[in-house]
Amino acid sequence: MSFQNTLAYAQERDHDDALRYYREHFHIPKHQGKDTVYLCGNSLGLQPKAARAAIEEEMEKWAELGVEGHFKGDDPWFTFHKTLAEPTAKLVGAKPSEVVVMNQLTVNLHLMLVSFYRPQGRRYKILTEAGAFPSDQYALETQVKFHGYTPEDAIIEVTPRAGEQTWRTEDILQTIRDNGDEIALVLMSGVHYYTGQVFDMAAITQAAHEVGAVCGFDLAHAAGNVVLRLHDWDVDFAVWCTYKYLNSGPGGTSGVFVHERHSNKPDLPRFAGWWGYDQEERFQMKKGFIPMAGADGWQLSNSQILPMAVHRASLQMFDEAGMEALRAKSEGLTGYLEFLINSLNQPKEDLEIITPSEPSARGCQLSLLVNRNGRQLFETLMANGFILDWREPNVIRVAPTPLYNTFEDVYRFGQFLEAHFRR
Ligand SMILES: *Cc1c(COP(=O)(O)O)cnc(C)c1O
-6 MSFQNTLAYA QERDHDDALR YYREHFHIPK HQGKDTVYLC GNSLGLQPKA
44 ARAAIEEEME KWAELGVEGH FKGDDPWFTF HKTLAEPTAK LVGAKPSEVV
94 VMNQLTVNLH LMLVSFYRPQ GRRYKILTEA GAFPSDQYAL ETQVKFHGYT
144 PEDAIIEVTP RAGEQTWRTE DILQTIRDNG DEIALVLMSG VHYYTGQVFD
194 MAAITQAAHE VGAVCGFDLA HAAGNVVLRL HDWDVDFAVW CTYKYLNSGP
244 GGTSGVFVHE RHSNKPDLPR FAGWWGYDQE ERFQMKKGFI PMAGADGWQL
294 SNSQILPMAV HRASLQMFDE AGMEALRAKS EGLTGYLEFL INSLNQPKED
344 LEIITPSEPS ARGCQLSLLV NRNGRQLFET LMANGFILDW REPNVIRVAP
394 TPLYNTFEDV YRFGQFLEAH FRR
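Just so you know, we're using the numbering used here here: the sequence shown kicks off at -6 and counts up by one.
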């Protein structure tokens, strides 16, 4: 379909969009009394209107039942997290036993590294992408130090080629092969936070396994954004947060995937807590940790009911809409955004999209490199009701999401840029 740079066209696309009603299920922040153009779901997703009621329901339970809320009623806290397993599994392409919702992202990353980064002899290195999200860098840095190595030696970073902004899959695979007998773990993001590039998770996992390494992904920018098939891709483990594309609230809970081939390995080292203990005997408070089968066995603490209640309300929409349909709309929105930016014909020095143009190599986000007065453009956009985010040194991230953004949002953003660069 060929795009058009007119309001009528954008409104027609919205009119034909079967998912358009989901927007009404969200609170859209206002600017001078009108809806903002919110293009920041990559950082903090908007609040589903169902979230407040979901929390209130748990508050009611707590008020009425006190401690008995753990076991009483038809939706007790004791088994609350289990209600998240089915929709979470669908979201990331896993079996329900392979996923669990708990803690927060960086905590979960460390828990997974404890189990799956097992340096031994010559095989002690971690391969990752250069310029990974800082929290991931710090996690890897401190994990290798924890095992007695130095980050300079033990972390292999794959960089884009000189003059290029994004990674070539062939370079990642080749670096894995070149260092094959030294790599213990390949740990990369699924979608890179700065460039918006989607890594070829299936190919990377296969290459890692071929050299005898374990492979995990941080899906912070991938979950709820792109279609994932973690089980089929044979990924060993993955972690993600729920407050970005998954709209589950600031500091919300996090998801974990552990492939079922690791599900019954009591000897796998792990940092355990009572909530990962065999459910039938948990309250006998016996000595000697016996993990539950599957991802559940990595749980530490009893469930964070309030953030999980919000997450469940949000997951329901993903479950109902389906990732395939959401992704189809997302490709349309992002394609339209790209079309509008390209039709500005700005010289590269002023405005360059660094996100890959191939739809399968990106999620919904486009990263705009603005070398000249980028920060100023960002501030002007924000002051005019366009909510996006800025990443040092010079990138504006623009992320139209299929649940609540419209083609008209994208059109208005394009109009604003056009007026800005014409001045
Ligand atoms: C957002 C993000 C984080 C944030 O970590 P928290 O533990 O949720 O604060 C970490 N890693 C990546 C790749 C992210 O995109």
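Ideal placement from N, C-alpha and C gives every residue a C-beta, glycine not left out.
(message) Less than 7 Å between C-beta atoms, sequence neighbours within five positions excluded: which residues of the same chain meet that for F109?
(response) L178, V207, G209, D229 and F230
query: Contact check, S336 vs L98 under 8 Å by CB: the rounded distance?
result: Actually they do not touch by this definition, with Cβ atoms about 37 Å apart.
| request: Provide the residue(s) that pair with Q113 in DSSP beta bridges, ordered along the chain. | output: R116
Checklist entry - Who are K27's beta bridge partners in DSSP? => result H24
Cut-off 8 Å between Cβ atoms - residues of its own chain near P243, not counting five sequence neighbours on either side
L37 and Y236
Quick one: Cα of E50 to Cα of E313, how far? 21 Å
**Asked** Any heavy atom of ligand 1 within a distance shorter than 7 Å of the CB on F126?
**Response** yes
>> Applying the 10 Å Cβ sphere with the 16-neighbour rule, what's the burial state of H20?
In response: exposed
#### Entry: When N377, Y238, A125 and I169 are compared against G356, the one with the closest alpha-carbon
Y238
Distance check for W233 and V92, CA to CA, integer angstroms please. 11 Å
inquiry  = Is K237 close to ligand 1? I mean its beta-carbon at under 7 Å from any heavy atom of the ligand.
reply    = yes
If you check the beta carbons only, do V363 and Y187 fall under 8 Å apart? no
Q.
Taking only three categories from DSSP, how would you classify S182?
A. strand
Any contact of the segment 149 to 163 with the segment 101 to 108, i.e. 3+ C-beta pairs under 8 Å? no
In terms of residue numbering, what span does the alpha helix (DSSP H) encompassing I417 cover? The structure shown does not extend to residue 417, since the chain is modelled only from -6 through 416, so no value can be given for it.
*Hey, could you find the ends of the alpha helix (DSSP H) V422 is sitting in?*
What the structure shows of the chain is the stretch from -6 to 416, and residue 422 is not part of that stretch, so it cannot be assessed.
Inset, instruction - Under 6 Å Cβ to Cβ from L319, same chain only, skipping five residues before and after it: list those, please. - result: P395
Problem set entry | Residue burial classification, Q369 (beta-carbon count within 10 angstroms, cutoff 16) | exposed
When the distance is taken between beta carbons, is E342 closer than 8 Å to R305?
no
Would you kindly check if the distance between the Cβ of F406 and the Cβ of F371 is under 8 Å? no
Practice prompt. With DSSP as the reference, label V207 as helix, strand or coil.
Written response: strand
Exercise for the section: Kindly confirm or deny that the segment 255 to 271 and the segment 279 to 288 touch, where touching means at least three C-beta pairs closer than 8 Å. Expected result: yes
### Message
Quick check: what's the CA-CA separation for D146 versus E411?
### Response
48 Å
Taking the CB atoms as reference points, tell me whether R115 and E175 lie closer together than 8 Å.
yes
Next item on the list: With a 10 Å radius around its C-beta and 16 neighbouring C-beta atoms as the bar for buried, classify R415 as buried or exposed.
Entry: exposed
**Message:** When you compare the CB positions of V137 and L221, do they come within less than 8 Å of one another, or not?
**Reply:** no
For the alpha helix (DSSP H) containing E49, name the first residue and the last one.
A43 to L58
Please look up how many angstroms separate the CB atoms of P300 and G367, rounded, as I've assumed it's under 8 Å. Rounded, the Cβ-Cβ distance is 34 Å, inconsistent with contact.
Assigned exposure category for E351 - 16 Cβ within 10 Å defines buried
exposed
How is the beta strand (DSSP E) around S128 delimited, first residue to last?
-> Per DSSP, S128 belongs to no beta strand (DSSP E); it is in the alpha helix (DSSP H), P127 to F139.
Note to self: Please identify the residue among E385, F400, S360 and M375 whose C-alpha is closest to the C-alpha of V391.
What the structure shows: S360
### Query
Thinking just about the alpha-carbon of each residue, which of F400, Q408 and H413 is nearest to the one in D9?
F400
**Asked** Between T373 and H413, which are expected to be in contact by the criterion C-beta below 8 Å, what is the C-beta distance as a whole number of angstroms?
**Response** 7 Å
- Task: List the whole-angstrom C-beta distance separating L133 from I149, where the pair is believed to meet the contact cut-off of C-beta under 8 Å.
- Result: 11 Å between Cβ atoms; not a contact.
CB of A200 within 8 Å of CB of L166, strictly
yes
Note to self: Considering only heavy atoms of ligand 1, does any lie closer than 7 Å to the CB of D9?
What the structure shows: no
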